[in-house]
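In our numbering, the protein residues as written are 1286 to 1461. Notes follow the structure.
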Amino acid sequence: PLKDLTVVLNKVIGDHRGFLAEMAPGGNDNPYMDKGFRNLYASVATGKHVARAGHYHFKSWENHYTLTGTALWLFTDFREDQPTYGQSYEVITGGVKLDNIPDDVPQYTLDNNVMAQVYCGPGINHVVWPLTDEKVVIVDAASEPYSKDDYAYPKLTEIPNIESILEKYNIPLTTS
């Protein structure tokens, strides 16, 4: 949907005891790990409809995986030299498929036996909002080690059409 943004659906197997999800099939040979990874971290969102992330990178490529809870991810291209500049892409990832989600918004959830691996390039802003009361646990594999100089933090109000996007999910536009 945006240049340098790809959603890969990896295999999930499970039963009443739990599940096993492949996150990077093939390891170093996985084409979505071709930039390597030099940081692996977890992010936990604890408040329904409270935004997390809200940044883009200048250098780092990231693979995002939503392990628990269900969340709205919004990706917006902030690269002025790209044909998808200013465009956004919405996707729901996580534990369970939700009702009342617009038909044109893809949902990739563990209860449908898929683990979404969202591969996101530099200059693509990413924000995540929990849509369930359950904590949203995200694992990210980044191609670069942490550096505060690699981050840009645009305001939510700088995202084109943010009000209409959030309105579809009954999420208030707040900056905290």
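We put the beta carbon where it would ideally sit given N, CA and C, even for glycine.
Between the stretch 1323-1338 and the stretch 1360-1380, are three or more C-beta pairs nearer than 8 Å? no
Report the three-state DSSP secondary structure of tyrosine 1393 (helix, strand or coil). When DSSP states are grouped into helix, strand and coil, tyrosine 1393 belongs to the strand group.
I need the straight-line Cα distance from lysine 1344 to lysine 1288, nearest angstrom please. If you take the alpha carbons of lysine 1344 and lysine 1288, they lie about 15 Å apart.
Residues in its own chain within less than 8 Å of proline 1368 by CB, not counting five upstream and five downstream? Lys1288
By Cβ distance, which residues of its chain are closer than 7 Å to lysine 1320, with the 5 residues on each side in sequence left out? Trp1346, Ser1428
Could you name the residues that DSSP lists as bridge partners for aspartate 1362? Ile1409
Have a look at the DSSP bridge pairing and note the partners of threonine 1353. Val1422
Quick one: grab the DSSP three-state call for asparagine 1295. strand
Using the rule of at least 16 other Cβ atoms within 10 Å of the residue's Cβ for burial, across every protein chain shown, is leucine 1294 buried or exposed? Residue environment for leucine 1294: exposed (fewer than 16 other C-beta atoms within 10 angstroms of its C-beta).
How big is the Cα-Cα spacing for tryptophan 1414 and glycine 1371? Rounded to whole angstroms, the gap between the alpha carbons of tryptophan 1414 and glycine 1371 is 20 Å.
Please list, in chain order, all residues of the same chain as isoleucine 1447 whose beta carbon is under 6 Å from its beta carbon, the five residues on each side excluded. Leu1441
Expressed to the nearest angstrom, what Euclidean distance is found between the alpha-carbon atoms of threonine 1459 and glutamate 1365? 26 Å
Residue environment, tyrosine 1393, which counts as buried when at least 16 other CB atoms sit within 10 Å: buried
Assuming lysine 1420 and threonine 1351 form a contact by the criterion Cβ under 8 Å, report the distance between their Cβ atoms to the nearest whole angstrom. Rounded, the Cβ-Cβ distance is 11 Å, inconsistent with contact.
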